[in-house]
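Comments concern the structure below.
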Amino acid sequence: MFKFRGFFLISIFLLTACTQDTVVPKEKEQEEKDDENIVVTADGKITFEIFNEIKVPQEKVESIKDELLNAYDKIQNSIHTGYVPSERINVYLNVGNEHSWGLRSELKLYGIQENQYPLVHELTHSLLGYGNNFDASSGYFTQEGFASYMEDKYGKQQSYSHKVMKYFIDSNKLIPISKLIDPNQDDSYFRPALTNQEEYILQWMSYTHSASFITYLIDTYGLEKFEQLYNEEDLAKKIEEIYEKNISEIENDWVVFIKNGETLTYEDKNKMGYFYNSSLFIDKIDPKFFTKE
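Dropping the structure here:
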């Protein structure tokens with residue numbers, strides 16, 4: 620009995636010793652988990668921490684880390700503003716298909732499972748600034764337009780902005796640019812209450828107008844000139860100073876360009892996913908939103 624008990628105690632000791640060598644302490648395990656969700660830009664200026672709320676596989680997290688670094692480089696090499704971004708940006712991968720957000724120190728991304736999250740769009744906001752500390756003091760037009768431009772070039776969500784604008788114009792649903800840049804009206808277009816489907820569609824139309832117009836400005840006059848316009852107040856005045864044309868003249872040029880451009884194809888509409896449902900509600904939007912003053 621003694622011999623068996625002694626053998627049993629020795630066995631327990633050996634097993635415990637082996638276990639102590641192989642078990643990772645909880646603190647270290649959490650540290651490693653944190654490390655695998657953190658990525659730092661090559662220049663060391665910004666640390667991104669990913670919060671995997673949707674519980675996607677680590678392989679997807681690694682892919683998003685690469686996307687963040689690539690998007691960071693593209694945005695840093697686009698235009699330069701006086702804005703200094705946060706040194707740490709938390710990136711939340713959320714469940715569902717709500718609107719994504721890009722704020723000073725956080726990105727809230729939706730559409731992860733469908734692989735349709737606007738990472739480049741939202742990171743553009745976080746890196747280049749938006750109004751005065753992410754308010755509406757400089758409106759929405761240049762910020763949303765440029766973020767959409769960058770998403771179209773480097774991201775996952777294509778807006779097809781020029782083609783969709785042609786559809787709007789052919790449907791007599793052109794929103795005057797003067798309304799989209801008017802600080803007394805722009806909230807109604809870019810930040811409606813979203814209490815009904817018509818308001819969601821109006822917001823989408825406003826984003827599409829800004830994306831197409833800003834893309835036209837950049838493709839026609841270059842990024843350097845647009846850099847002077849980004850996030851500025853009194854856009855009508857600034858446009859005339861920078862482009863030596865008033866807003867109406869440039870708007871007319873843009874409309875002519877759109878009318879002579881390509882039309883949405885059946886494949887485009889299917890890729891967008893939301894086009895057919897959206898088009899059903901356009902005629903229900905109050906005509907006042909499209910009336911020139």
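Residues 620 to 912 (the numbering used here) make up the sequence shown, in order. Note that beta-carbon positions come from the ideal geometry of N, C-alpha and C, so glycine has one too. Note that the structure is predicted; figures quoted are calculated from it, not measured.
7 Å CB neighbourhood of residue i in its chain, flanking five on each side removed
i: Phe809; result: Tyr759, Glu763, Gln822, Ser825
i: Phe626; result: With a pLDDT of 31 at Phe626, under the threshold of 50, the modelled position of this residue cannot be trusted; read the value that follows with caution. Closer than 7 Å at Cβ, skipping near neighbours: no residue.
i: Phe765; result: Thr743, Ile833, Tyr849
i: Asn671; result: Asn656, Val680, Leu712
i: Asp887; result: Tyr779, Lys782
i: Gln677; result: Glu655
i: Thr641; result: Any reading at Thr641 must be qualified, since the residue scores a pLDDT of 42, below 50, and its modelled position is unreliable; the value itself is stated next. Nothing meets the Cβ criterion.
The beta strand (DSSP E) enclosing residue i, as first and last residue numbers
i: Tyr711; result: 707-712
i: Thr666; result: 666-670
i: Glu725; result: 725-728
i: Ile657; result: 657-659
Own chain, CB closer than 6 Å to residue i, minus 5 neighbours either side, in chain order
i: Ser790; result: none
i: Lys890; result: none
i: Tyr749; result: Gln762
i: Ile770; result: Going by the sequence as given, residue 770 is Glu instead of Ile. These residues qualify, in order along the chain: Pro737, Val739, His740, Gln776.
i: Leu714; result: In the sequence under discussion, the amino acid at residue 714 is Val, which differs from the Leu named in the question. Only Ile673 meet the Cβ criterion.
Buried versus exposed, by CB contacts within 10 Å (16 or more), residue i
i: Val703; result: exposed
i: Pro737; result: buried
i: Tyr885; result: exposed
i: Thr656; result: The question names Thr, but residue 656 is Asn in the sequence shown. Flag for Asn656 reads buried.
i: Gly663; result: exposed
i: Ala830; result: buried
i: Ser807; result: buried
i: Gly841; result: exposed
i: Ser778; result: buried
i: Tyr895; result: exposed
i: Leu899; result: exposed
i: Ser867; result: exposed
i: Val658; result: buried
i: Ser719; result: buried
For residue i, the nearest candidate out of the options (CA to CA)
i: Lys693; options: His744, Tyr773, Ser705; result: Tyr773
i: Asp685; options: Glu672, Gly701, Thr660, Asn709; result: Thr660
i: Lys775; options: His744, Glu846, Ser797, Val739; result: Val739
i: Asn716; options: Leu899, Val680, Tyr893, Asp905; result: Tyr893
i: Glu852; options: Asp801, Gln677, Tyr895; result: Asp801
i: Lys785; options: Asp905, Ser682, Tyr691, Ile877; result: Ile877
i: Asn815; options: Asp887, Trp873, Asp838, Ile904; result: Ile904
i: Lys911; options: Tyr779, Lys798, Glu678; result: Lys798
i: Glu668; options: Lys888, Val675, Arg707, Leu728; result: Arg707
i: Asp754; options: Met769, Asp805, Lys792, Leu728; result: Asp805
i: Gln695; options: Ile665, His718, Val675; result: Ile665
i: Glu843; options: Val675, Ile901, Trp873, His699; result: His699
Inter-residue CB distance, residue i and residue j (contact presumed, cutoff 8 Å)
i: Ile820; j: Ser897; result: 5 Å
i: Gly732; j: Ile673; result: The question names Gly, but residue 732 is Gln in the sequence shown. That pair is a contact at about 7 Å.
i: Ser705; j: Arg723; result: 5 Å
i: Gly701; j: His781; result: Actually they are not in contact, since the Cβ atoms of Gly701 and His781 sit about 30 Å apart, beyond 8 Å.
i: Val710; j: Leu726; result: 5 Å
i: Gly721; j: Ser757; result: About 16 Å; that fails the 8 Å criterion.
i: Phe908; j: Ile788; result: Not quite, the Cβ-Cβ distance comes to about 15 Å (not below 8 Å), so this is no contact.
i: Ile796; j: Glu870; result: 5 Å
i: Val783; j: Thr827; result: 5 Å
8 Å CB neighbourhood of residue i in its chain, flanking five on each side removed
i: Leu848; result: Thr761, Leu836, Leu854, Lys857, Ile858, Ile861
i: Leu813; result: Tyr819, Gln822
i: Asn865; result: Ala855, Ile858, Glu859
i: Tyr563; result: This structure cannot settle anything about residue 563, because the visible part of the chain is limited to 620 through 912.
Proximity test, Cβ basis, 8 Å: residue i and chain B
i: Met824; result: In the displayed structure, chain B is absent; only one protein chain is listed.
Host alpha helix (DSSP H) of residue i (start-end)
i: Gln816; result: 816-840
i: Thr910; result: No alpha helix (DSSP H) holds Thr910; DSSP gives it neither H nor E.
i: Thr761; result: 760-773
i: Val783; result: 780-789
i: Ile731; result: Unbroken run through Ile731: none, as it is neither H nor E.
i: Lys679; result: 677-695
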